[in-house]
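So the structure is just underneath, and the comments pick up after that.
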Amino acid sequence: MKISQLTRRDIVDAMVAEHWNWAGRLEESEFLSRLYDLERLPSTDGRFKNAAGDIWQHRVNNFDWDEDWVFYDSRFGLMNGDDELFLRFLCETLHPVIRADATEAERMCQLFNQHLQADGFQLVERTRLSGRPVYVGRFVGVVATPGLSATRETLAGTDPGYVAQQITRMDAAVVNDPGLAIGTAKELVETCCKTILAERGIAHSKNADLPELVKLTSKELELTPDDIPEQAKAAETIKRLLSNLATITQGVAELRNHYGTGHGKAMGAKGLQSRHAKLAVGAASTLAVFLVETHNQRGK
1 MKISQLTRRD IVDAMVAEHW NWAGRLEESE FLSRLYDLER LPSTDGRFKN AAGDIWQHRV
61 NNFDWDEDWV FYDSRFGLMN GDDELFLRFL CETLHPVIRA DATEAERMCQ LFNQHLQADG
121 FQLVERTRLS GRPVYVGRFV GVVATPGLSA TRETLAGTDP GYVAQQITRM DAAVVNDPGL
181 AIGTAKELVE TCCKTILAER GIAHSKNADL PELVKLTSKE LELTPDDIPE QAKAAETIKR
241 LLSNLATITQ GVAELRNHYG TGHGKAMGAK GLQSRHAKLA VGAASTLAVF LVETHNQRGK
């Protein structure tokens, strides 16, 4: 079992919190019959001979089982069973026959994938039914986002609550929502720059954009090319590297403008993919770590 109990519980808890009915527009027994032979599964109620009978008794006739009962009923193996079975169940909750609301199905899929990503699984489109996606579970492996491990460690003392939230959001969104990851990458650099400037008592315009903030922060940390004397060893190389900081930052900002979370996009605009988000997140993380490490090393 590669999908941990923690991941499974997180998904179930999220469904309950969002008030998503796992059976959709079907009766629960009708939904489960798509995955299990209810006539052959044993009953937990001595008055009935199989699962079909006690499901009717406790979910239709008396309605005295909790909404999430199926996840904790060992007969269905959703919390401790095979990964394939759990994934099939999730895919079934998204099936166009089950889920009438296409927008809700999309939101559910994104949430499922955010949790499944930690264990290396994803729900991916297998085919389409009347224009609606039909999903299947796939093992894709756990791929670490470049730079995020070092970023977590280095930025632990920089507005820790908010920065940790940004890093977690980026990590979760890289695969499932590249636009959100790109937007958050831009916000991460902004947060680090504003924190550094505040700790050094440097004022800045409330309307300063990302390149301006990086330029001001670099100047305060004496990182701008003009601050490097010509006699410094490998001065030209250092200048070139430091100039590239602004280029990286501008690139992240432009990606965010076109594809991120903070700006509207024209209808039909093609979104970026996971690899583009990894590029933006990796660049922003590298820059943020460099600025904060320099700030800490040179004192406040």
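In the UniProt record's numbering, the protein residues as written are 1 to 300. All C-beta atoms, glycine included, are put in the ideal place defined by N, C-alpha and C.
Taking C-beta to C-beta, are Met170 and Val281 nearer than 7 Å? By one-based count along the sequence shown, residue 170 stands at place 170. By one-based count along the sequence shown, residue 281 stands at place 281. Result yes, Cβ atoms of Met170 and Val281 sit closer than 7 Å.
Please report the distance separating the alpha-carbon of Ser274 from that of His19. For the purposes of this step, residue 274 is identified with residue 274 of the sequence shown, where counting begins at 1. For the purposes of this step, residue 19 is identified with residue 19 of the sequence shown, where counting begins at 1. Rounded to whole angstroms, Ser274 to His19 spans 29 Å at the Cα level.
Does the region 21-38 touch the region 60-79, meaning 3 or more C-beta pairs lie closer than 8 Å? As far as the Cβ criterion goes, the region 60-79 touches the region 21-38, which means the pair count is three or higher.
Rank Leu221, Ala283, Asn62, Val252 by C-alpha distance to the C-alpha of Asp209 and give the top, closest one. What you label residue 209 is simply residue 209 of the sequence shown in a count that begins at 1. Per the Cα distances, Val252.
Determine the contact status of Leu221 and Leu287, defining contact as a CB-CB distance below 7 Å. By one-based count along the sequence shown, residue 221 stands at place 221. By one-based count along the sequence shown, residue 287 stands at place 287. Cβ distance not < 7 Å, so Leu221 and Leu287 don't count as in contact.
Please report whether the beta-carbon of Asn21 lies at a distance below 7 Å from any beta-carbon of chain E. This model lacks chain E altogether, as it is built from one protein chain only.
Could you spell out where the alpha helix (DSSP H) holding Thr127 opens and where it closes? One-based indexing of the sequence shown puts residue 127 at position 127. Here Thr127 belongs to no alpha helix (DSSP H); instead the beta strand (DSSP E) covers 121-129.
When Asn207, Thr247, Lys278 are compared against Ser218, the one with the closest alpha-carbon: Position 218 of the sequence shown holds residue 218. For the residues Asn207, Thr247, Lys278, the minimum Cα distance to Ser218 belongs to Thr247.
Nonlocal neighbours in the same chain, by C-beta distance under 7 Å from Leu26, ignoring five residues either side: Stepping through the sequence shown from its first residue, residue 26 is reached at position 26. So the list reads Ile98, once near-sequence residues are dropped.
Distance, Cα to Cα, Trp69 vs His295? Counting from one through the sequence shown, the residue named residue 69 turns up at place 69. Counting from one through the sequence shown, the residue named residue 295 turns up at place 295. In this structure, the CA atom of Trp69 is about 53 Å from the CA atom of His295.
Nearest-angstrom beta carbon gap, Asp119 and Thr7 [assumed within contact, 8 Å]: Mapped onto the sequence shown, residue 7 falls at position 7. Mapped onto the sequence shown, residue 119 falls at position 119. Your pair Thr7 and Asp119 checks out as a contact, with CB atoms roughly 5 Å apart and the cut at 8 Å.
Contacting residues, own chain, Cβ-Cβ under 7 Å from Ala185 (five flanking each side not counted): For the purposes of this step, residue 185 is taken as residue 185 along the sequence shown, with counting starting at 1. Closer than 7 Å at Cβ, skipping near neighbours: Met170, Val252, Ala280, Val281, Ala284.
Tell me, please, which residues DSSP counts as bridged to Val136. Translated into the one-based positions of the sequence shown, residue 136 becomes position 136. Paired residue(s): Val124.
Keeping to the same chain, check which residues put their C-beta closer than 8 Å to that of Glu64; ignore five residues upstream and five downstream. Looking up residue 64 in the sequence shown gives position 64. The sequence shown places Asp at residue 64, rather than the Glu named in the question. Here the set comprises His58.
Leaving out five residues before and five after Phe89 in sequence, what residues of the same chain have Cβ atoms less than 7 Å from its Cβ? Locating residue 89 in the sequence shown gives position 89, counting from the first residue. Here the set comprises Leu35, Leu78.
Taking only the alpha-carbon atoms, compute the straight-line gap between Val5 and Trp22 and give it to the nearest angstrom. Numbered from 1 along the sequence shown, position 5 holds the residue referred to as residue 5. Numbered from 1 along the sequence shown, position 22 holds the residue referred to as residue 22. Here residue 5 is Gln; the residue named in the question, Val, does not match the sequence. Looking at the two C-alpha atoms, the distance is approximately 18 Å.
Note down, in chain order, each residue of its chain lying with its Cβ closer than 7 Å to the Cβ of Asp10, except the 5 sequence neighbours on either side. Stepping through the sequence shown from its first residue, residue 10 is reached at position 10. Answer for Asp10: His115, listed in chain order.
Comparing the CB of Asp37 with every heavy atom of the ligand NAD, is any distance shorter than 6 Å? No copy of the ligand NAD appears in this structure; indeed no ligand is present at all.
Evaluate the contact criterion for the region 95-111 versus the region 120-133: three or more CB pairs, one atom per stretch, below 8 Å. The region 95-111, when compared against the region 120-133, does touch it at the 8 Å Cβ threshold.
Once you ignore the five residues that flank Gly268 on each side, which residues in its own chain have a CB closer than 8 Å to its CB? As a first step, residue 268 is located in the sequence shown; it is residue number 268 there, counting from the start. Confidence in Gly268 is poor, its pLDDT being 38 and thus under 50, which makes the residue's placement too unreliable to answer from.
Any idea if Gly46 is buried or exposed, counting beta-carbon neighbours within 10 angstroms, 16 or more meaning buried? In the sequence shown, the residue the question calls residue 46 occupies position 46. Exposed, since its Cβ has fewer than 16 Cβ neighbours within 10 Å.
Would you mind giving the Cβ-Cβ distance between Thr249 and Val174, rounded to the nearest angstrom? I have them listed as a contact below 8 Å. Mapped onto the sequence shown, residue 249 falls at position 249. Mapped onto the sequence shown, residue 174 falls at position 174. In fact, because the Cβ distance is near 19 Å, the residues do not count as touching under 8 Å.
Tell me whether Val163 is buried or exposed, calling it buried when 16 or more other Cβ atoms sit within 10 Å of its Cβ. Walking along the sequence shown from the start, residue 163 turns up at place 163. Counting of Cβ neighbours within 10 angstroms places Val163 among the buried residues, the total reaching 16 or more.
Helix, strand or coil at Val97 according to DSSP, with G and I counted as helix: Translated into the one-based positions of the sequence shown, residue 97 becomes position 97. Coil, per DSSP.
Here's the rule I'm using: 16 or more other beta-carbon atoms within 10 Å means buried, otherwise exposed. How should Leu87 be labelled? Mapped onto the sequence shown, residue 87 falls at position 87. The residue is buried, with at least 16 neighbouring Cβ atoms inside 10 Å.
For Asn207 and Phe121, what's the separation of their Cα atoms in angstroms? On the sequence shown, position 207 is the one that residue 207 refers to. On the sequence shown, position 121 is the one that residue 121 refers to. Whole-angstrom Cα-Cα distance: 41 Å.
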